[in-house]
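There are 2 protein chains.
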Amino acid sequence: MNLNKYNQIYQSLSSDIVEGHYKAGETLPSEHKLLRLFGVSRETVRKALSLLQENGYIQKMKGKGSVVIYNPSTNLTVSHLTSFKEVQMQQTKDYTTQVYSLDEIPAGEVPHVQSALDVEAGTLLWQLIRQRKYEGKTHIVDMDYLIHDMMPGLTEDIARGSIYEYIEERLGHSISYSHKEITFNPMTALDIELFGPVTPPYTANVKSVVHLSDATPFQYNVSKHLASEFKFIDFSRRFTGE
Amino acid sequence: MNLNKYNQIYQSLSSDIVEGHYKAGETLPSEHKLLRLFGVSRETVRKALSLLQENGYIQKMKGKGSVVIYNPSTNLTVSHLTSFKEVQMQQTKDYTTQVYSLDEIPAGEVPHVQSALDVEAGTLLWQLIRQRKYEGKTHIVDMDYLIHDMMPGLTEDIARGSIYEYIEERLGHSISYSHKEITFNPMTALDIELFGPVTPPYTANVKSVVHLSDATPFQYNVSKHLASEFKFIDFSRRFTGE
DNA sequence: GAGTGGTCTAGACCACTTG
DNA sequence: AAGTGGTCTAGACCACTCC
Numbered sequence: 001m002n003l004n005k006y007n008q009i010y011q012s013l014s015s016d017i018v019e020g021h022y023k024a025g026e027t028l029p030s031e032h033k034l035l036r037l038f039g040v041s042r043e044t045v046r047k048a049l050s051l052l053q054e055n056g057y058i059q060k061m062k063g064k065g066s067v068v069i070y071n072p073s074t075n076l077t078v079s080h081l082t083s084f085k086e087v088q089m090q091q092t093k094d095y096t097t098q099v100y101s102l103d104e105i106p107a108g109e110v111p112h113v114q115s116a117l118d119v120e121a122g123t124l125l126w127q128l129i130r131q132r133k134y135e136g137k138t139h140i141v142d143m144d145y146l147i148h149d150m151m152p153g154l155t156e157d158i159a160r161g162s163i164y165e166y167i168e169e170r171l172g173h174s175i176s177y178s179h180k181e182i183t184f185n186p187m188t189a190l191d192i193e194l195f196g197p198v199t200p201p202y203t204a205n206v207k208s209v210v211h212l213s214d215a216t217p218f219q220y221n222v223s224k225h226l227a228s229e230f231k232f233i234d235f236s237r238r239f240t241g242e
Numbered sequence: 001m002n003l004n005k006y007n008q009i010y011q012s013l014s015s016d017i018v019e020g021h022y023k024a025g026e027t028l029p030s031e032h033k034l035l036r037l038f039g040v041s042r043e044t045v046r047k048a049l050s051l052l053q054e055n056g057y058i059q060k061m062k063g064k065g066s067v068v069i070y071n072p073s074t075n076l077t078v079s080h081l082t083s084f085k086e087v088q089m090q091q092t093k094d095y096t097t098q099v100y101s102l103d104e105i106p107a108g109e110v111p112h113v114q115s116a117l118d119v120e121a122g123t124l125l126w127q128l129i130r131q132r133k134y135e136g137k138t139h140i141v142d143m144d145y146l147i148h149d150m151m152p153g154l155t156e157d158i159a160r161g162s163i164y165e166y167i168e169e170r171l172g173h174s175i176s177y178s179h180k181e182i183t184f185n186p187m188t189a190l191d192i193e194l195f196g197p198v199t200p201p202y203t204a205n206v207k208s209v210v211h212l213s214d215a216t217p218f219q220y221n222v223s224k225h226l227a228s229e230f231k232f233i234d235f236s237r238r239f240t241g242e
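Line order of the protein sequences matches chains A and B.
Numbering-wise (UniProt numbering), the first sequence opens with residue 1 and increments by one.
Numbering-wise (UniProt numbering), the second sequence opens with residue 1 and increments by one.
Quick look at the structure:
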C-alpha cells in the first residue's frame, strides 16, 4: 500500500537514516542527485524531503543541503509512549491487555463524551475499560467510548487485541487525526481498584478524540498512566505557516 | 515577512476560519475556485491547503472537498500553555516574569545539559531561573541553559522579557524546531522555594531542546508547572508518510 | 459525467552558501 | 561562478464522490 513515489522515497531515505547509513550531522545527497537516483521529478523528491523534515529526520538549509538531525538516543527513549502513532504500538508491545468491562450505555450518561463525539443523548455507546499489564502489574488503564452503530460487532476478544486494526482492516475505515490533552489527576476510587495502591496516587491522563478521514469522530479515549512512570515525547517545528 | 503566495493564502484562509467565515463542517471553495480567486497555480493553492490540514484547520477529502474541522472550543482551551508555538505566547500573557537567578556556569557542571546542547565540558553556559507569576502566585518556573557565546549580552532585563524575541530580532537567528518531553516529578527543595508550599507537591515538567534553523542547539529549557493546573493540548495526524 | 482532490512532470526564476 | 534549496507555473492523468 501507499505506492506513490514520494512515499517510497520517504521510506527509503528514512530507513537509511534510522539504520545509520546517514548519520546525524551528515548531508543527504542534493535534490538534483536524488531526482536522478530515483528517476523522478524535482517536486516529487521535494515532497519526500518535506516529510522527512516534518517528522524530524532532517533539516533543510537553503544553499547548503539537507542535514540529518535524527538522533536515535532522543528517539529510542520512547519508554512509556506516546505520540499519536505509538498509541497503536503500545498495543503490540509487551503489555498484556485485560478487559475489565465492556458495556453499552446511552451517550446522555456521559455528557462530555457525548459532546466530544457530537452525537445525540440517545445514541448508544460502547464503554470499554481495559488494563495494560506488564509482569502482573497494571501500568496503563484505557477507558474508551466508541459509537455502537459504527462497530456493532465489538466483543471482549476484539477489545483484547487492537481496536484500530479492527476498525481499519475489518471495517475499512481509516483513522486520520486526533485532538489530545494531557493532564495530571488524583486517582479515583476506580483507578485505585484498577491499578492497586500506588504512590503517588496520581495518574497522567491522555485524553483524545480520534477522527476518521471523513472527519467523523469515532473514539473518545482516556489513557491513564501511573504518574511516576509517564513520559511523553514530541518533536515539533515552528513556522509551518504562521 | 513571509511574502510568498502560499503563505498569504494560508493566512487568509486560516483567519477566515478562526473568525467564523467558514464554520466547522462547512466546505472551503474547491481548489479550482481558489486558484482563480487568488490568481495562482493549483500547486500553490494546494501548498496552502496542506498547511491548513497539518495545523488542524481542515480535512481534505478526495472527491468531496476541504471540510473545516477547526473548533474554537477545543482550541481556546489553551489555559496553561503549550504547544511549541505557545512557549512564546506564554511570555506575552498576563504573567509577570521575575528573574530568580542568572549565572554563568561551565557545561561540565550539568552533564545532561552538556550532552543535549552538544558542547564541550568547558563551554560557558547561562543558567537562568525565572518565575512566572499571576496575581502574586508563581504558576510556572522556567529553568534555562543557553550557550554563552551565542548571546554574550544577556542581562536580567532581557531575561525578564522575551528571550526568543531577543534571539530572533536582535541576534538575527531563527528558531526552528525542538524536542520536547513531558514528565511528572516530585518537587525539589528549590521548587518549593520558588513555588511556595502547594498540594500536591508535584510539577509537570516540559523539557525541551530548541534548535535554530541551521540545526544548532541553543537552548535547554525545563518549564515546570504546578501539576494540578497543567494542561497540554495537541493536534496530531497519522500517516504523514509512514 | 461533472466535479473534486492526489500525484507527477519539466521547466523556470530566485535567494542563499561556498569557493 | 557553481551548487544548493525555495517558489511557482501550466498542464497532464488518475481515483473518488455524487447526481
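Where is the CB? At the ideal position from N, CA and C, for every residue including glycine.
- Counting along the chain, the unbroken alpha helix (DSSP H) around B:His112 starts and ends at 111-117.
- B:Tyr145 sits close to B:Gln219, with the two beta carbons spaced by under 9 angstroms.
- Approximately 30 angstroms separates the beta-carbon atoms of A:Tyr134 and B:Phe235; this is outside 8 angstroms, ruling out the contact.
- Contact note: A:Val119 does not reach chain B at a C-beta cutoff of 8 angstroms; the least C-beta distance is about 14 angstroms.
- Interface residue (Cβ-Cβ distance to chain B less than 9 angstroms): A:His211 is classified as such.
- With contacts defined by Cβ atoms closer than 9 angstroms, A:Val119 and A:Arg132 do not form a contacting pair.
- Sorting B:Lys33, B:Leu37, B:His225 by C-alpha distance to the C-alpha of B:Val198 places B:His225 at the top.
- Under the 9 angstroms criterion on CB atoms, B:Ile140 is classed as non-interfacial with respect to chain A.
- Taking every protein chain shown into account, the CB of A:Lys47 has 16 or more other CB atoms within 10 angstroms, so this residue is buried.
- Uninterrupted alpha helix (DSSP H) stretches at least 4 residues long and entirely within the region 108-185 of chain A occur at 111-117, 156-160, given in chain order.
- For the C-beta of B:Ala107, not a single chain A residue is nearer than 9 angstroms; the gap to the nearest is close to 18 angstroms.
- Taking each of A:His179, A:Ile158, A:Glu181, A:Lys180 in turn and checking the Cα distance to A:Leu171, the smallest one comes out for A:Ile158.
- Per the Cβ contact rule, the region 18-26 of chain B is not in contact with the region 198-210 of chain B (fewer than 3 Cβ pairs under 8 angstroms).
- Setting aside the 5 residues that flank it on each side, A:Pro186 is surrounded in the same chain by Pro201, Tyr202, each with a C-beta closer than 7 angstroms to its C-beta; the list follows chain order.
- Rounded to whole angstroms, the Cβ separation of A:Met151 and A:Ile167 is 7 angstroms, and the two are in contact under 8 angstroms.
- Judged by beta-carbon spacing, A:Val68 lies within the 9 angstroms limit of A:Ile17, meaning their Cβ atoms are closer than that value.
- In the structure shown, the three-state DSSP call for B:Ser15 is helix.
- A direct Cα-Cα distance of roughly 22 angstroms separates A:Phe38 from A:Gly63.
- B:Ile69 carries a coil assignment under DSSP once its states are collapsed to helix, strand and coil.
- Sixteen is the threshold: since fewer than 16 other Cβ atoms of the shown chains lie within 10 Å of the Cβ of B:Thr155, the residue is exposed.
- Within chain B, the C-beta atoms nearer than 7 angstroms to that of A:Thr183 come from Phe230, Lys231, in chain order.
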